[in-house]
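Only one structure is covered here, and it is reproduced in the block below.
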Amino acid sequence: TVAYQGFGRGLDIERIKMLNNIATNGRKPDLTIVFDIDVENSMKRVGNQKDRMESAGIEFHNRVRNGYLQIAKEEPERIKVVDASQSVEDVFEDVKKIIHKYL
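Mind the numbering: the sequence shown is residues 1 to 103 in the numbering used here, read in order.
Here it is, written out as structure tokens:
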């Protein structure tokens with residue numbers, strides 16, 4: 001919500017965080033993995049299977065991506081970023097390494 005509504009749509013980020021906190025009773029996941037890929041390659045992967053969000057345009061998706069990366073910088077102990085432009089096998093190995101630390 002923060003990435004899409006706050007960064008993507010330009011809504012008040014602090015207000016969104018406050019509402020999220022109320023809605024979740026302050027709970028956050030122990031681990032969040034962000035699969036990062038540049039917007040152009042992401043759009044190529046989606047192809048013609050676009051829903052309302054994918055149809056929002058490259059600028060919107062760049063803001064959302066930057067939002068996710070900013071949030072990850074703010075919470076590095078909880079949010080890990082994986083380079084999703086790698087091969088499926090390499091992404092899988094990166095995710096295994098991250099998850100292993102939480103087991």
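Note that beta-carbon positions come from the ideal geometry of N, C-alpha and C, so glycine has one too.
query, result
"F35 versus K80 - alpha carbon distance", "9 angstroms"
"Residue ranges of each alpha helix (DSSP H) within the stretch 4-79, 4 or longer", "13-23, 39-46 and 58-74"
"DSSP bridge partner residues for V82 (one or two, in chain order)", "F35"
"Beta-carbon spacing of A23, Y68 below 7 angstroms", "no"
"Proximity below 7 angstroms, CB of G8 to CB of V95", "no"
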